Amino acid sequence: MHRTAQARRRPVLVLVLLATALAGCSARPTPPAPGLAADGVPESRPGRAIGYLADDAIPDSAALLPPPPAGEAAGLDQARMRAALALRDTPRFAQAAVDADLDFPQAAPLFACALGVEIDVAHTPATWRLLRRTLADAARSTRTAKDLYKRPRPFLSNKAPTCTPEDEADLAHSGSYPSGHTAIGTLWSLVLASAAPERGDTLLARGRAFGESRVVCNVHWTTDVIEGQFMGAATFARLQSEPAYLADLDAARRELAAARAAGRVPARDCAAEAAALAMPAAAG
Numbered sequence: 019m020h021r022t023a024q025a026r027r028r029p030v031l032v033l034v035l036l037a038t039a040l041a042g043c044s045a046r047p048t049p050p051a052p053g054l055a056a057d058g059v060p061e062s063r064p065g066r067a068i069g070y071l072a073d074d075a076i077p078d079s080a081a082l083l084p085p086p087p088a089g090e091a092a093g094l095d096q097a098r099m100r101a102a103l104a105l106r107d108t109p110r111f112a113q114a115a116v117d118a119d120l121d122f123p124q125a126a127p128l129f130a131c132a133l134g135v136e137i138d139v140a141h142t143p144a145t146w147r148l149l150r151r152t153l154a155d156a157a158r159s160t161r162t163a164k165d166l167y168k169r170p171r172p173f174l175s176n177k178a179p180t181c182t183p184e185d186e187a188d189l190a191h192s193g194s195y196p197s198g199h200t201a202i203g204t205l206w207s208l209v210l211a212s213a214a215p216e217r218g219d220t221l222l223a224r225g226r227a228f229g230e231s232r233v234v235c236n237v238h239w240t241t242d243v244i245e246g247q248f249m250g251a252a253t254f255a256r257l258q259s260e261p262a263y264l265a266d267l268d269a270a271r272r273e274l275a276a277a278r279a280a281g282r283v284p285a286r287d288c289a290a291e292a293a294a295l296a297m298p299a300a301a302g
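Number 302 marks the last residue of the sequence shown (our numbering); no jumps.
This is the structure we're talking about:
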C-alpha cells in the first residue's frame, strides 16, 4: 500500500520538477519599471529622464520640416561654416564646448547667467525638473527628421576639428538635421522666459546663442540650427496643455522669485560668458 501510493506520487513530482526547470530556462529578466531618480525626476533608466509629453503629443519633425538644402541652396550653410571655422581656439569656441554638454548636473546652470539665478536641485528643484524633462521632449521632437534625412555633419566634409572631439565617433552616425541641441536650448529659453518674464529678452538671446554654438562647434549647419529652433518652439506650444508641466512651471516661478530675493546669483563667471557670446556669431 505504501509503495503504491509512493508510485502514484512520483509522476506528479516529476512533472512539477520539470515544469519548474522549464520555467527557469525560459524566464527573461523583467525590465525595471520607470521610477523617480534621487532628484525627483521620472526616469526610464538611470540618467534618462521621461518628458512631459506622451508619444502622440511629440511634434513630428519629419512631417513638419522640408528636406535640408542641397547644391546651390546650401550656400548659406557653407558661408556660415567658413565664418565659424575662424572662431577655433577662441573663447567663443570654448563656450560652444560648454554648451555641448547636456548631462546633469553640469547642464543645469547653462542658462543661469541669463536667468540671473543659480539653478541647482537643492534650491530650485522645480526649475531643475523643468529642464531635465523638457530636454527629453525637445530631443524626441527632432528624431524622425534626423532618421529620415540622415544629413552628414559639417566636420565630415570640411575635416576640421569640432569643439567636442570625444563625441565625433557618435556624431558621425547621427543625422545633422535638425539640431537636437538647438531644439533643447530654444525650448529651455522659452520655458525659463515663462518662469521669469522679467528676464525674457536675455533668456531668449541666450537660447539663440546656444543654437549658434552648434555651428561654432562644427557639428551642425546653420539650417540645422534654424529648424532646431522651429522644433523647440513647436514642442513649447504642445507643452502648454500639459498639467504636469504647468504645475512645475508655476512652482518654478515661485522658487525663482524666492531665490532672486535671497540673492542666489549664478556661480559661474557671467562676465566671461557674455564676452565669449558677444564675439561674431556664425549663425545669426
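Ideal Cβ placement from N, Cα and C applies to all residues, glycine included.
Just so we're clear, the structure is a prediction, and the values are computed from it rather than from any experiment.
Q.
Could you compute how far the alpha carbon of residue 108 sits from the alpha carbon of residue 74?
A. On the sequence shown, residue 108 is found 90 positions in, with the first residue counted as 1. On the sequence shown, residue 74 is found 56 positions in, with the first residue counted as 1. Taking the straight line joining both Cα atoms gives about 43 Å.
(Q) Let's see if you can read the secondary structure: which residues bound the beta strand (DSSP E) around residue 286? (A) Locating residue 286 in the sequence shown gives position 268, counting from the first residue. First-last for residue 286: undefined, no H or E at that position.
Q | Where the beta strand (DSSP E) through residue 61 begins and ends | A | The residue labelled residue 61 in the question sits at position 43 within the sequence shown. 60-63 is the span of the beta strand (DSSP E), which, as asked, contains residue 61.
(Q) From the DSSP secondary-structure annotation, give me the bridge partner or partners of residue 53. (A) In the sequence shown, the residue the question calls residue 53 occupies position 35. DSSP lists 61 as the beta-bridge partner residues of residue 53.
Q.
Closer than 8 Å is the cut-off here; do at least three beta carbon pairs connect the region 144-157 with the region 282-296?
A. Below 8 Å, too few C-beta pairs join the region 144-157 and the region 282-296 to call them touching: fewer than three.
Q) Does the beta-carbon distance from residue 236 to residue 196 come in below 8 Å? A) The residue labelled residue 236 in the question sits at position 218 within the sequence shown. The residue labelled residue 196 in the question sits at position 178 within the sequence shown. With respect to residue 196, residue 236 sits apart: the two C-beta atoms are not nearer than 8 Å.
Q. So residue 253 packs on residue 155, CB below 8 Å; how close in whole Å?
A. For the purposes of this step, residue 253 is identified with residue 235 of the sequence shown, where counting begins at 1. For the purposes of this step, residue 155 is identified with residue 137 of the sequence shown, where counting begins at 1. The pair is a contact, with the Cβ atoms about 5 Å apart (cut-off 8 Å).
Q. Is the beta carbon of residue 112 sitting closer than 8 Å to the one on residue 294?
A. The residue given as residue 112 occupies position 94 in the sequence shown. The residue given as residue 294 occupies position 276 in the sequence shown. Contact: yes.
Q. Under a three-way DSSP split, which group does residue 67 fall into?
A. On the sequence shown, position 49 is the one that residue 67 refers to. If DSSP states are grouped into helix, strand and coil, residue 67 belongs with the strands.
Q) Quick one: what does DSSP say residue 97 is sitting in, helix, strand or coil? A) Taking the first residue of the sequence shown as 1, we reach residue 97 at position 79. DSSP places residue 97 in helix when its eight states are reduced to three.
**Q.** Beta-carbon gap between residue 224 and residue 71 smaller than 8 Å
**A.** Walking along the sequence shown from the start, residue 224 turns up at place 206. Walking along the sequence shown from the start, residue 71 turns up at place 53. One thing to note: residue 224 has its Cβ no nearer than 8 Å to the Cβ of residue 71.
Q) Would you say residue 182 and residue 102 are within 8 Å of each other, going by their C-beta atoms? A) Position 164 of the sequence shown, counting from 1, holds the residue named residue 182. Position 84 of the sequence shown, counting from 1, holds the residue named residue 102. It is not a contact, given that the beta carbons lie outside the stated cut-off.
Q. Thinking C-alpha only, which one of 272, 220 and 264 is nearest residue 130?
A. Along the sequence shown, read from residue 1 onward, the residue named residue 130 stands at position 112. Per the Cα distances, 220.
Q: Could you have a look at residue 74 and say whether DSSP puts it in helix, strand or coil?
A: Along the sequence shown, one-based indexing puts residue 74 at 56. Residue 74 carries a helical assignment under DSSP once its states are collapsed to helix, strand and coil.
Q: Pull up the distance between the alpha-carbon of residue 270 and that of residue 143, whole angstroms please.
A: The residue labelled residue 270 in the question sits at position 252 within the sequence shown. The residue labelled residue 143 in the question sits at position 125 within the sequence shown. Looking at the two C-alpha atoms, the distance is approximately 8 Å.
(Q) For residue 242, tell me which candidate among 59, 77, 53 and 96 has the shortest Cα-Cα distance. (A) Counted from its first residue, the sequence shown places residue 242 at position 224. Comparing Cα-Cα distances from residue 242 to each of 59, 77, 53 and 96, the minimum goes to 96.
Q) So, residue 249 versus residue 77, is the Cβ gap smaller than 8 Å? A) Here the question's residue 249 lines up with position 231 in the sequence shown. Here the question's residue 77 lines up with position 59 in the sequence shown. With respect to the 8 Å criterion, residue 249 and residue 77 are classified as neighbours on the basis of their beta carbons.
(Q) Suppose you measure from the CA of residue 153 to the CA of residue 89; what does that come to, to the nearest Å? (A) Within the sequence shown, numbered from 1, the residue matching residue 153 stands at position 135. Within the sequence shown, numbered from 1, the residue matching residue 89 stands at position 71. Put simply, the backbone Cα of residue 153 is about 33 Å away from that of residue 89.
Q.
residue 157 and residue 202 - do their beta-carbons sit closer together than 8 Å?
A. In the sequence shown, residue 202 corresponds to position 184, counting from 1. In the sequence shown, residue 157 corresponds to position 139, counting from 1. Taking 8 Å as the Cβ cut-off, residue 202 and residue 157 qualify as a contacting pair.
Q.
With H, G and I counted as helix, E and B as strand and the rest as coil, what does DSSP make of residue 297?
A. As a working mapping, residue 297 is identified with position 279 in the sequence shown. In the structure shown, residue 297 sits in coil (DSSP, three-state: anything other than H, G, I, E or B).
Q: Would you mind working out which of 100, 136 and 65 sits nearest residue 280, comparing C-alpha positions?
A: By one-based count along the sequence shown, residue 280 stands at place 262. The shortest Cα separation from residue 280 among 100, 136 and 65 belongs to 136.
Q. What are the uninterrupted segments assigned as alpha helix (DSSP H) that are 4 or more residues long and contained completely in the region 193-224, given in chain order?
A. Whole alpha helix (DSSP H) segments, 4+ residues: 198-213.
Q: Report back the beta-carbon spacing between residue 79 and residue 159 to the nearest angstrom; my notes put them in contact at under 8 Å.
A: To locate residue 79, count along the sequence shown from 1; it is residue 61. To locate residue 159, count along the sequence shown from 1; it is residue 141. The beta carbons of residue 79 and residue 159 sit about 6 Å from each other, so the pair counts as a contact at 8 Å.
Q. Taking 7 Å as the cut-off, does the CB of residue 72 come closer than this to any heavy atom belonging to the ligand ZN?
A. The ligand ZN is not part of the structure shown, which contains no ligands of any sort.
Q: Can you say whether residue 184 is buried or exposed, counting buried as having 16 or more other CB atoms within 10 angstroms of its CB?
A: On the sequence shown, residue 184 is found 166 positions in, with the first residue counted as 1. Its Cβ having fewer than 16 others within 10 Å, residue 184 is exposed.
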